[in-house]
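Chemist: Counting along the sequence shown from 1, when you hit position 217 you're at 218 in the numbering used here, and nothing is skipped either side.
For each residue, glycine too, the CB sits at the ideal point set by N, CA and C.
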Amino acid sequence: MIIKTISLTNFRNHSEYHLDCNKDTTLILGKNGCGKTSVLEAIYILTRGKSFRSVDSEIIKHDADFYRIEIEYYNGEKSTATFDGKNKTFIILDKKTHRLPKKNKYPIILFLPSDLNLIGGSPSRHRDYFDRLFGQVSEEYNNLISKYNKALHQRNELLKTENLSTSDLFPWNLLLTKYGVRIFTLRQEFTEKINQTLNQTYSSIAKNDDEITLHYKTEVKKDTENFYLNMLEQNFHKDLYLGHTNFGVHRDDFEFFFNNRLADGSASRGETRSIILALKFVEANLIYEKLHQKPIVLLDDVFSELDNARRKCLIKNFKDHQVIITSVEKVSL
Ligand SMILES: Nc1ncnc2c1ncn2[C@@H]1O[C@H](COP(=O)(O)OP(=O)(O)O)[C@@H](O)[C@H]1O
Ligand SMILES: [Mg+2]
Numbered sequence: 002m003i004i005k006t007i008s009l010t011n012f013r014n015h016s017e018y019h020l021d022c023n024k025d026t027t028l029i030l031g032k033n034g035c036g037k038t039s040v041l042e043a044i045y046i047l048t049r050g051k052s053f054r055s056v057d058s059e060i061i062k063h064d065a066d067f068y069r070i071e072i073e074y075y076n077g078e079k080s081t082a083t084f085d086g087k088n089k090t091f092i093i094l095d096k097k098t099h100r101l102p103k104k105n106k107y108p109i110i111l112f113l114p115s116d117l118n119l120i121g122g123s124p125s126r127h128r129d130y131f132d133r134l135f136g137q138v139s140e141e142y143n144n145l146i147s148k149y150n151k152a153l154h155q156r157n158e159l160l161k162t163e164n165l166s167t168s169d170l171f172p173w174n175l176l177l178t179k180y181g182v183r184i185f186t187l188r189q190e191f192t193e194k195i196n197q198t199l200n201q202t203y204s205s206i207a208k209n210d211d212e213i214t215l216h217y218k219t220e221v222k223k224d225t226e227n228f229y230l231n232m233l234e235q236n237f238h239k240d241l242y243l244g245h246t247n248f249g250v251h252r253d254d255f256e257f258f259f260n261n262r263l264a265d266g267s268a269s270r271g272e273t274r275s276i277i278l279a280l281k282f283v284e285a286n287l288i289y290e291k292l293h294q295k296p297i298v299l300l301d302d303v304f305s306e307l308d309n310a311r312r313k314c315l316i317k318n319f320k321d322h323q324v325i326i327t328s329v330e331k332v333s334l
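Next comes the structure, spelled out in structure tokens:
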């Protein structure tokens, strides 16, 4: 799918906004605060179902009571999303839904300036990043994460109540085990998949033999339900004392290793930029391999963060994709 036009009504600071997109590269230029990231956010909502940075109620323009996004694709299809403060409605091929159906989701490579700090970020930041990526290539993964989080929230609520016994937690332990083991297996698989090409992709950018790997860090030692359930039960007193669940895939992390050392602290600023660039290229290939679709590439203000060689590399690598770029200053492509 290639976007032809995008129109916004009451979306963040935009009362009315319209953009015609090129099939290859489109540049959105403007000073800070003029609403560039918001345009990418709107595209993201209509292709992925929800924003990458906040909830719908914060997106409606102040003092307005709804927002509306309309996208027309080059193949003639149109999609609309509206939010009236309560309900979000998607209209795709004249069909109304409140959630974006799987078949209408479209893959996106989103590159935010904050991604350049991913390597040094917290475990939850790393999990969010990879959950979003794995959720794009696997709807099963997407559903597992939301079911797991719901069950985890309910178990944590229960842990705050008085006179709790292990048996009260049993149904939640079973659910967390069922979803957790599968999430563990899929995280292992996807990490392995990324590692098949990450190193080679990094070399093609950095032009050297440095070695880069992604490591999936977890306390889940075995992919068996017995092990997982036992661990949850063993942690009962600790959980009760601390008031939350201390074992499970919600504590996993993803770490980058650079020449067999933790990249956080050992890779230079330039090297970390190349690692993230490599990751984005690997993402695009993974998406293509799994979904047979070329993602739309949204580059939010990242050009100013990259040197000339890395900018060229970015453009060259995504030359067969639709790329939408925001920037404060004019960039030569
Ligand atoms: N709900 C809203 N209503 C009106 N303005 C908003 C809303 N949410 C954010 N803004 C404002 O919209 C502007 C555009 O934000 P953003 O898209 O991030 O700009 P840019 O990426 O161009 O720097 C910001 O100045 C922000 O304060
Ligand atoms: Mg911005």
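Could you name each continuous beta strand (DSSP E) segment of 3 residues or more that falls completely within the region 43 to 87, going from the start of the chain to the end?
Modeler: Counting whole runs of 3 or more residues, the region 43 to 87 contains the beta strand (DSSP E) stretches 68 to 74 and 79 to 84.
Chemist: List the residues that DSSP assigns as beta-bridge partners of lysine 89.
Modeler: Looking at the DSSP assignment, lysine 89 forms a beta bridge with Phe84.
Chemist: In angstroms with no decimal places, state the Cα-to-Cα distance between valine 221 and alanine 310.
Modeler: Between valine 221 and alanine 310, the C-alpha separation is close to 41 Å.
Chemist: Consider the C-beta atom of lysine 89 and the heavy atoms of ligand 1; say whether any pair is separated by less than 7 Å.
Modeler: No, since every heavy atom of ligand 1 falls outside the 7 Å radius drawn around the Cβ of lysine 89.
Chemist: Can you grab the Cα-Cα spacing for the pair glutamate 290 / asparagine 143, in whole Å?
Modeler: Rounded to whole angstroms, glutamate 290 to asparagine 143 spans 18 Å at the Cα level.
Chemist: Give every residue of the same chain whose Cβ lies closer than 6 Å to the Cβ of threonine 327, excluding the five residues on either side of it in the sequence, and list them in chain order.
Modeler: So the list reads Ile29, Lys37, Asp301 and Asp302, once near-sequence residues are dropped.
Chemist: Given that a residue counts as buried once 16 or more other Cβ atoms are within 10 Å of its Cβ, and exposed if not, what is leucine 177?
Modeler: Classification of leucine 177: buried, given that the 10 Å Cβ count is 16 or more.
Chemist: So the beta strand (DSSP E) isoleucine 297 belongs to, where does it begin and stop?
Modeler: Where isoleucine 297 is concerned, the enclosing beta strand (DSSP E) stretches over 297 to 301.
Chemist: By a C-beta neighbour count over all protein chains shown, 10 Å radius and 16 as the cutoff for buried, is histidine 19 buried or exposed?
Modeler: Result: exposed.
Chemist: I need the DSSP call for leucine 94, collapsed to helix, strand or coil.
Modeler: Here leucine 94 sits in coil by DSSP.
Chemist: Examine ligand 2 and report whether any of its heavy atoms sits within less than 7 Å of the Cβ of aspartate 116.
Modeler: The answer is no for aspartate 116.
Chemist: What is the DSSP secondary structure of glutamate 306, counted as helix, strand or coil?
Modeler: Of the three classes helix, strand and coil, the one that applies to glutamate 306 here is helix, per DSSP.
Chemist: Can leucine 299 and arginine 274 be called in contact, C-beta distance under 8 Å?
Modeler: No, they are not a contact pair.
Chemist: Which full runs of the alpha helix (DSSP H) of 4+ residues lie inside the region 115 to 155, going along the chain?
Modeler: Entirely contained in the region 115 to 155, the alpha helix (DSSP H) runs reaching 4 residues are, in chain order, 124 to 138.
Chemist: With a cut-off of 6 Å, give the chain-ordered residues whose Cβ is closer than this to any heavy atom of ligand 1.
Modeler: The filter returns Arg13, Asn14, Gly31, Asn33, Gly34, Cys35, Gly36, Lys37, Thr38, Ser39, Glu59, Ile60, Ile61, Lys62 and His63, in chain order.
Chemist: Please determine whether the Cβ atom of threonine 327 lies at a distance below 7 Å from any heavy atom of ligand 2.
Modeler: Yes, the Cβ of threonine 327 comes within 7 Å of a heavy atom of ligand 2.
Chemist: Is there contact between the region 110 to 117 and the region 277 to 290, where contact requires at least three CB pairs shorter than 8 Å?
Modeler: Yes, since at least three Cβ pairs between the region 110 to 117 and the region 277 to 290 fall closer than 8 Å, the two stretches touch.
Chemist: For the beta strand (DSSP E) that threonine 327 lies in, which residues bound it at each end?
Modeler: Segment 324 to 328, the beta strand (DSSP E) holding threonine 327.
Chemist: Would you call the CB atoms of asparagine 11 and isoleucine 61 closer than 8 Å?
Modeler: In this structure, isoleucine 61 lies closer than 8 Å to asparagine 11 by Cβ.
Chemist: Between which two residues does the beta strand (DSSP E) harbouring serine 8 extend?
Modeler: Unbroken beta strand (DSSP E) run through serine 8: 4 to 12.
Chemist: For the putative contact between cysteine 22 and isoleucine 7, defined by C-beta atoms under 8 Å, what is the C-beta separation to the nearest angstrom?
Modeler: That pair is a contact at about 7 Å.
Chemist: May I ask you to report which of helix, strand or coil DSSP gives valine 321?
Modeler: According to the sequence displayed, residue 321 carries aspartate and not valine. In the structure shown, aspartate 321 sits in coil (DSSP, three-state: anything other than H, G, I, E or B).
Chemist: Do aspartate 129 and ligand 2 come close, with the Cβ less than 7 Å from some heavy atom?
Modeler: Checking every heavy atom of ligand 2 against the Cβ of aspartate 129, none is found closer than 7 Å.
Chemist: My assumption, with CB atoms under 8 Å, is that tyrosine 203 sits in contact with phenylalanine 255. Please give the rounded CB distance.
Modeler: With a Cβ gap of about 16 Å, tyrosine 203 and phenylalanine 255 do not count as contacting.
Chemist: Just to confirm my understanding: we take histidine 15, look at its own chain, exclude 5 residues before and 5 after, and list those with CB closer than 6 Å. What are they?
Modeler: Closer than 6 Å at the Cβ level, and outside the excluded window around histidine 15, lie Leu9 and Gly36.
Chemist: Which residue from Asp85, Lys79 and Glu73 puts its Cα closest to that of aspartate 64?
Modeler: Comparing Cα-Cα distances from aspartate 64 to each of Asp85, Lys79 and Glu73, the minimum goes to Asp85.
Chemist: Excluding five sequence neighbours on each side, which residues of the same chain lie with their C-beta closer than 6 Å to the C-beta of isoleucine 297?
Modeler: Result list for isoleucine 297: Ile109 and Gln323, in chain order.
Chemist: Tell me the rounded alpha-carbon separation between phenylalanine 135 and asparagine 318.
Modeler: Roughly 21 Å between the two C-alpha positions.
Chemist: Using only the heavy atoms of ligand 2, determine whether one of them is closer than 7 Å to the beta carbon of aspartate 95.
Modeler: No, the Cβ of aspartate 95 stays beyond 7 Å of every heavy atom of ligand 2.
Chemist: Any heavy atom of ligand 2 inside 7 Å of the beta-carbon of aspartate 395?
Modeler: What the structure shows of the chain is the stretch from 2 to 334, and residue 395 is not part of that stretch, so it cannot be assessed.
Chemist: State yes or no: is the C-beta of leucine 66 within less than 8 Å of the C-beta of lysine 89?
Modeler: A small correction: the amino acid at residue 66 is aspartate; leucine does not occupy that position in the sequence shown. For aspartate 66 and lysine 89, no; Cβs fall outside 8 Å.
Chemist: May I have the straight-line CA-CA distance separating proline 114 from isoleucine 277, to the nearest angstrom?
Modeler: Whole-angstrom Cα-Cα distance: 11 Å.
Chemist: If you count every other CB in all the chains shown that lies within 10 Å of the CB of tyrosine 149, and 16 or more means buried, which is it?
Modeler: Tyrosine 149 is buried by the Cβ-count criterion.
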